[in-house]
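Working notes for the structure below.
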Amino acid sequence: MIEGISIYEILTLTSILFFIGVYGFLTRKNLITMLLSIELILNASAINFVVINTYLYPENLQGVYFSVFMVAIAAAETALAVAIIINLYKLITSVEVKDTEIMKY
Amino acid sequence: MDFSYTALIPLIPLAVFLLLGMNYTRIKPAVSGWIGSLGLLVTLLLSYYTAYQYFFVVGKVGEVYQTFTEHWRWMTFTDTLYIDMGVMIDQISVMMLVVVSTISFMVHLYSRGYMKGDGGYTKFFAFLSLFTFSMMGLVLAVNLFQIYIFWELVGVSSFLLIGYYYTKPSAVSAAKKAFIVTRFADLGFLIGILIIGYYGGSFDFVTLVDPEGSAIANWASTSFMGLSVITWGLILIFMGGAGKSAMFPLHIWLPDAMEGPTPVSALIHAATMVVAGVYLVARLFPMYYFVESGYALNLVAWVGAFSALFAAVIALTQNDIKRVLAYSTMSQIGYMMLALGVSGYEGHDGLGYMSSMFHLFTHAMFKGLLFLAAGSIIHAVHSNYLKDMGSLRKYMPVTHITFLIAALSISGFPGFAGFFSKDEILVAAYEHNPFIYLIGLLVAGMTAFYMFRIYFGIFWGEDRKYEHTPHESPVSMTFPLVFLAAMSILTGYIPFSSLVTADHMPFEAHLNYPLAGLAVGVGLIGIGLAYLLYKKPSDLPERVSKGFGNLYTWAYHKFYFDELYLFITKEIIFKRISAPFAWFDRNVVDGTMNLIGNSTVAGSKGIRKLQSGRLQDYAFAFIAGAVILAMLFIYNWII
Amino acid sequence: MERALFYIIALIMVLYAIKAVTSRKMLRSVVYLLFVLTGIAGIYFMVDYTFMAAVQLAVYAGGVIVLIIFSVLLVHHIELRLDVSKLSQRVMAGVVSILGLVLTLYAIHTYDFVPSAAQQPIEVSQIGRGMLSFEDGGFILPFEVISVLLVAVMIGAIVIAKGKKLEQ
Chain B
12 MIEGISIYEI LTLTSILFFI GVYGFLTRKN LITMLLSIEL ILNASAINFV
62 VINTYLYPEN LQGVYFSVFM VAIAAAETAL AVAIIINLYK LITSVEVKDT
112 EIMKY
Chain Z
638 MDFSYTALIP LIPLAVFLLL GMNYTRIKPA VSGWIGSLGL LVTLLLSYYT
688 AYQYFFVVGK VGEVYQTFTE HWRWMTFTDT LYIDMGVMID QISVMMLVVV
738 STISFMVHLY SRGYMKGDGG YTKFFAFLSL FTFSMMGLVL AVNLFQIYIF
788 WELVGVSSFL LIGYYYTKPS AVSAAKKAFI VTRFADLGFL IGILIIGYYG
838 GSFDFVTLVD PEGSAIANWA STSFMGLSVI TWGLILIFMG GAGKSAMFPL
888 HIWLPDAMEG PTPVSALIHA ATMVVAGVYL VARLFPMYYF VESGYALNLV
938 AWVGAFSALF AAVIALTQND IKRVLAYSTM SQIGYMMLAL GVSGYEGHDG
988 LGYMSSMFHL FTHAMFKGLL FLAAGSIIHA VHSNYLKDMG SLRKYMPVTH
1038 ITFLIAALSI SGFPGFAGFF SKDEILVAAY EHNPFIYLIG LLVAGMTAFY
1088 MFRIYFGIFW GEDRKYEHTP HESPVSMTFP LVFLAAMSIL TGYIPFSSLV
1138 TADHMPFEAH LNYPLAGLAV GVGLIGIGLA YLLYKKPSDL PERVSKGFGN
1188 LYTWAYHKFY FDELYLFITK EIIFKRISAP FAWFDRNVVD GTMNLIGNST
1238 VAGSKGIRKL QSGRLQDYAF AFIAGAVILA MLFIYNWII
Chain W
-2 MERALFYIIA LIMVLYAIKA VTSRKMLRSV VYLLFVLTGI AGIYFMVDYT
48 FMAAVQLAVY AGGVIVLIIF SVLLVHHIEL RLDVSKLSQR VMAGVVSILG
98 LVLTLYAIHT YDFVPSAAQQ PIEVSQIGRG MLSFEDGGFI LPFEVISVLL
148 VAVMIGAIVI AKGKKLEQ
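Chains as they are written, first to last, in the numbering used here: chain B, 12 to 116; chain Z, 638 to 1276; chain W, -2 to 165.
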């Protein structure tokens, strides 16, 4: 709970961050920058959980736990994604999205 | 009296056709010849038995020959709308059964010898049986629908048989021409049937021809352009009959149909199929006579007379003996139509009807014989043309004598069958319309002349040296000739007027000696002229034909009717009428279909881009979809 | 005072987020993201959620960003200017994003959030105890599941990173 800030403003902030992340995901042509946008999205939703928890239901801690898990998952996912990107780079020497477009059939 | 066994008469040839047709490759030719002939023999015996039963055992009931019908319900649409198949046994159908089965059997026997060695022997006999089945069905038809169905079947059989030598382009186009011209005539026939069925109230023959029935009694109820609707229907039905019987102006297919094998010409285009039109008019004769005081009947008479004259003039000039015989057939059928046209109904007035049927009977015999003999000759000389023939009497005695008998019969020589039947026709014509009588007399003279022209040209004329000595045909071919020759004499003595009449009651027909003498005289003049010009080789014929100048050229070219029709169809119908329709069909109708198809393809191409394989496109669709759905359904913000 | 601080942090975060997603140089995007993540840690500090703020800084700013920078350096020529996508794509994405944003803000602002009066600070010991308890409100199951997930991720990362050499 922050003194003087209502929940609406924080939620507005997180929504803006979320949709900036969405925009970035849809617009970027590079795999790594797409990854960055995903990080934005995940973090915005993590703040959401925490804020709603502390403002509306302070006796439970479920939002807190959720944010912890989200950080864990996001980190794991980023690690894996980087591994895949590097492997892909070894295969096609490029990290552009357009080079990964060929469907199997 | 139960005549339902007569349904077997068409069904036996059908069974033979199916048997031969389905085992086409497995049956040896000789066996198929036997099977075909045997089937026809059974049919023949059944037909003769039926005739005997009908005319002699059942006979007349109080001076009137009864009509027997058997119906089998074929298609039911509603309680009141249905189509039957059946057999109708009355005087003319029994007579036709005898004619068709006799000629067909003779042709089967003849073909066993004539077609020997031909590759499609089994096929030929299968088609012959198909034709016999169709013709029998036509003759026994009990309503207009059934006769139309078998009419078309006969047309198909004719097509198959004319185009039998399918590797010859001329045969193929002749078959097409026959089928198309008769099909065109059948359009009129169909429309006529529909009109009669609708305004007459029934398709059934017995109901239609009843003089007190509603079809005839109410003929004046509806009118169209000055004539009763029933009259129009009858005229259109006659159009169908004229097409099948090669009456002017639908005659163009008959000479070309000579491309088929000669037994086919004998069976179909001389004795049986081409008389189907005459049979049709005879079948509906009370309607033709009573409706609008015989307006349609008058039309029949004039068409017949004109066709007879037209064909006789052309036959004078032709050099192909089969073509002469074809035009002769057209001319004789013109006689039959003419006779029907001038006929009355009651008693002696119905002389025209009786003589028409009588002439049909005798003509089948001697024309069939003429064609079969021509086949013999062509077989021996390997050519159809007069210029390649001469003095054949030394080499082919049997053919010579039988041909002479048939030629005398057709010329109306006293004592032979043709004399009796032709004479009755001329008497009937004289009693009703003198002008038509004069045409008939003139045609009789011309008939004698052109018939003996080819007789002398083949059997006398030049003493030609042949490369391969022509030999007489084998017995399988000469037996039918002899039989038909006997028939060409004996059938004249059948008392037809006590058997086949318009009002089903027999009457006495007498020989009218003055008119008979006149006809015989004209015939003898024709024979004499031919004798003078053709018995010995001379240049007299050329001088005579040059004397006629342009008229000769026009007649030789069949009065250019083929060219005229070709012009009309190619230039006018194809270019002006069909081509725009074809354009419309190809561009507008097909274009619409193609448009629908292509737009689907284009749409699918567009939609295919959705499955692009690009992750961002999928994510975009996902998010946009979620947003839009949320807007529409959760918040009801209708965009 | 907190208000002003909050607004400054918010403004920085939004600005750098936008720059992160539109920058044409890879490394700069990463660095801008770092700033955003730091801002988020600041927000956590402001709601007295110090544990998470520390975790955020340590894991994210220290671990994830470094990881991404390594990968950038491995696969990319740093001086290279990135391509931008087609204008139509950007416009469509922008429209969808803004639409979604409008929708979300509408949803948020029409809902009556009732802040709770009682406020407790968030103790780490409370978090720990809750994470391992299996009474009501306990999160032991997700905790164990996460550990399984982490094992899977580790194995997967090793396999992928090793590549084809594993078979030989």
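Here a beta-carbon is modelled for each residue, glycine too, at the ideal position from N, C-alpha and C.
Among W:I124, W:L79, W:F140, whose alpha-carbon lies nearest the alpha-carbon of L72 of chain B? Position 61 of the first sequence holds residue 72 of chain B. Looking at the Cα atoms, W:I124 is the closest of the given residues.
Using a Cβ-Cβ distance cut-off of 8 Å, determine whether G60 of chain W contacts chain B. Taking the third sequence and counting its residues from 1, one reaches residue 60 of chain W at position 63. It does; some Cβ of chain B falls within 8 Å.
If you follow the alpha helix (DSSP H) that T65 of chain B is part of, which residue opens it and which one closes it? As a first step, residue 65 of chain B must be located in the first sequence, where it is residue number 54. The continuous alpha helix (DSSP H) containing T65 of chain B extends over residues 42 to 67.
Whole angstroms is fine: what's the gap from F768 of chain Z's alpha carbon to V776 of chain Z's? For the purposes of this step, residue 768 of chain Z is identified with residue 131 of the second sequence, where counting begins at 1. For the purposes of this step, residue 776 of chain Z is identified with residue 139 of the second sequence, where counting begins at 1. Looking at the two C-alpha atoms, the distance is approximately 12 Å.
Check the Cβ-Cβ distances between G97 of chain W and every residue of chain B, and say whether any is below 8 Å. Position 100 of the third sequence, counting from 1, holds the residue named residue 97 of chain W. So, interface residue.
Give every residue of the same chain whose Cβ lies closer than 7 Å to the Cβ of G1005 of chain Z, excluding the five residues on either side of it in the sequence, and list them in chain order. For this step, residue 1005 of chain Z is matched to residue 368 along the second sequence. Same-chain partners within the cutoff: I740, M743, A903, A907, A908, L1121.
Please name the residue in Z:Q703, Z:E1179, Z:V1238 whose C-alpha comes closest to that of V843 of chain Z. Numbered from its first residue, the second sequence carries residue 843 of chain Z at position 206. Answer by Cα proximity: Z:Q703.
Of all the options W:V69, W:L71, W:I65, which has the alpha carbon lying nearest to the alpha carbon of E88 of chain B? The residue you call residue 88 of chain B lines up with position 77 of the first sequence. Checking every option, the nearest Cα to that of E88 of chain B belongs to W:I65.
Is it true that the region 822 to 841 of chain Z meets the region 864 to 877 of chain Z, where meeting means three or more beta-carbon pairs spaced less than 8 Å apart? yes
Could you give the first and the last residue of the continuous alpha helix (DSSP H) run that contains T713 of chain Z? Along the second sequence, one-based indexing puts residue 713 of chain Z at 76. From DSSP, T713 of chain Z is part of no alpha helix (DSSP H) but of the beta strand (DSSP E) over 705 to 713.
Taking the alpha carbon of L1155 of chain Z as the point to measure from, which residue in Z:W788, Z:M659, Z:S1048 has its own alpha carbon closest? Residue 1155 of chain Z sits at position 518 when you count from the first residue of the second sequence. Among Z:W788, Z:M659, Z:S1048, the Cα nearest to that of L1155 of chain Z belongs to Z:S1048.
Suppose contacts are defined by Cβ-Cβ distances below 8 Å. Is Y76 of chain B in contact with F48 of chain W by that definition? One-based indexing of the first sequence puts residue 76 of chain B at position 65. One-based indexing of the third sequence puts residue 48 of chain W at position 51. No, Cβ-Cβ distance for Y76 of chain B and F48 of chain W is not below 8 Å.
Let me make sure I understand the geometry here. Which of Z:H1069, Z:F998, Z:D721 has the alpha-carbon closest to that of I729 of chain Z? The residue labelled residue 729 of chain Z in the question sits at position 92 within the second sequence. When each option's Cα is compared against that of I729 of chain Z, the closest is Z:F998.
Would you give the residue range spanned by the alpha helix (DSSP H) that D1060 of chain Z belongs to? For the purposes of this step, residue 1060 of chain Z is taken as residue 423 along the second sequence, with counting starting at 1. Where D1060 of chain Z is concerned, the enclosing alpha helix (DSSP H) stretches over 1054 to 1069.
Who pairs with S865 of chain Z in a beta bridge, going by DSSP? If you number the second sequence from 1, residue 865 of chain Z lands on position 228. The partner list for S865 of chain Z (beta bridge, DSSP) reads Z:S860.
Please state whether the Cβ-Cβ distance between L28 of chain B and A90 of chain W is less than 8 Å. In the first sequence, the residue the question calls residue 28 of chain B occupies position 17. In the third sequence, the residue the question calls residue 90 of chain W occupies position 93. Result no, Cβ atoms of L28 of chain B and A90 of chain W do not sit closer than 8 Å.
Close-in-space but distant-in-sequence residues of the same chain around Q783 of chain Z (CB under 6 Å, 5 per side omitted): In the second sequence, counting from the first residue as 1, residue 783 of chain Z sits at position 146. Cβ within range, chain order: M722.
7 Å CB neighbourhood of I96 of chain B in its chain, flanking five on each side removed: Along the first sequence, read from residue 1 onward, the residue named residue 96 of chain B stands at position 85. Cβ neighbours of I96 of chain B beyond the five flanking positions: L42, I43, V106.
Out of Z:D1227, Z:I1210, Z:F1040, which one is the CA nearest neighbour of L1007 of chain Z? Here residue 1007 of chain Z is taken as the residue at index 370 of the second sequence, counted from 1. Among Z:D1227, Z:I1210, Z:F1040, the Cα nearest to that of L1007 of chain Z is on Z:F1040.
Pull up the distance between the alpha-carbon of S810 of chain Z and that of F875 of chain Z, whole angstroms please. Position 173 of the second sequence holds residue 810 of chain Z. Position 238 of the second sequence holds residue 875 of chain Z. Rounded to the nearest angstrom, the two C-alpha atoms are 26 Å apart.
Classify W890 of chain Z as buried or exposed, calling it buried when 16 or more other Cβ atoms lie within 10 Å of its own Cβ. Along the second sequence, one-based indexing puts residue 890 of chain Z at 253. It counts as buried.
Tell me whether I726 of chain Z sits in a helix, a strand or coil according to DSSP, three-state version. On the second sequence, residue 726 of chain Z is found 89 positions in, with the first residue counted as 1. Correct three-state label for I726 of chain Z: strand.
Which class does T106 of chain B belong to by DSSP, given the choice of helix, strand or coil? Within the first sequence, numbered from 1, the residue matching residue 106 of chain B stands at position 95. Correcting the residue type first, residue 106 of chain B is Val in the shown sequence and not Thr. It is coil, neither helix nor strand.
Three-state secondary structure (DSSP) of D1254 of chain Z: In the second sequence, residue 1254 of chain Z corresponds to position 617, counting from 1. Helix.
Cβ of E141 of chain W less than 8 Å from any chain B Cβ? Position 144 of the third sequence, counted from the start, is the residue given in the question as residue 141 of chain W. Judged by the 8 Å Cβ criterion, E141 of chain W is not in contact with chain B.
Residue burial classification, T1106 of chain Z (beta-carbon count within 10 angstroms, cutoff 16): For the purposes of this step, residue 1106 of chain Z is identified with residue 469 of the second sequence, where counting begins at 1. An exposed status is given to T1106 of chain Z, since fewer than 16 other beta-carbon atoms sit within 10 Å of its beta-carbon.
Whether M772 of chain Z touches M910 of chain Z by CB criterion (8 Å): Indexing the second sequence from 1 puts residue 772 of chain Z at position 135. Indexing the second sequence from 1 puts residue 910 of chain Z at position 273. Going by C-beta atoms, M772 of chain Z is nearer than 8 Å to M910 of chain Z.
Can a CB atom of chain W be found closer than 8 Å to the CB of T89 of chain B? Position 78 of the first sequence, counting from 1, holds the residue named residue 89 of chain B. It does: the Cβ of T89 of chain B has a partner Cβ on chain W nearer than 8 Å.
Any idea which residues DSSP pairs I720 of chain Z with across the strands? Within the second sequence, the letter at position 83 stands for residue 720 of chain Z. DSSP output for I720 of chain Z lists Z:M712 as bridge partner(s).
Determine, using beta carbons only, whether L54 of chain W comes closer than 8 Å to chain B. Counting from one through the third sequence, the residue named residue 54 of chain W turns up at place 57. Interface annotation, L54 of chain W: not in contact with chain B, CB-CB separation never under 8 Å.
To the nearest whole angstrom, what separates the beta carbons of A92 of chain B and L53 of chain B, a pair I think is in contact under 8 Å? Numbered from its first residue, the first sequence carries residue 92 of chain B at position 81. Numbered from its first residue, the first sequence carries residue 53 of chain B at position 42. That belief does not hold up - the Cβ atoms of A92 of chain B and L53 of chain B are roughly 12 Å apart, past 8 Å.
Cβ closer than 9 Å: which chain Z residues qualify as neighbours of V108 of chain B? As a first step, residue 108 of chain B must be located in the first sequence, where it is residue number 97. What V108 of chain B touches in chain Z: R1251, L1252, Q1253.
My guess is that E112 of chain B and G1250 of chain Z are in contact by the Cβ rule of under 8 Å, so how many angstroms apart are they, rounded? Translated into the one-based positions of the first sequence, residue 112 of chain B becomes position 101. Translated into the one-based positions of the second sequence, residue 1250 of chain Z becomes position 613. Yes, E112 of chain B and G1250 of chain Z are in contact; Cβ-Cβ is about 5 Å, under 8 Å.
Between the region 918 to 928 of chain Z and the region 948 to 968 of chain Z, are three or more C-beta pairs nearer than 8 Å? Taking 8 Å as the limit for Cβ pairs, the verdict is that the region 948 to 968 of chain Z does not touch the region 918 to 928 of chain Z.
Should the region 939 to 946 of chain Z be regarded as contacting the region 970 to 977 of chain Z, the criterion being three or more beta carbon pairs within less than 8 Å? yes
Chain-ordered residues of the region 30 to 47 of chain B with a beta carbon less than 9 Å from chain Z: Those would be V33, F36, L37, T38, R39, K40, M45, in chain order.
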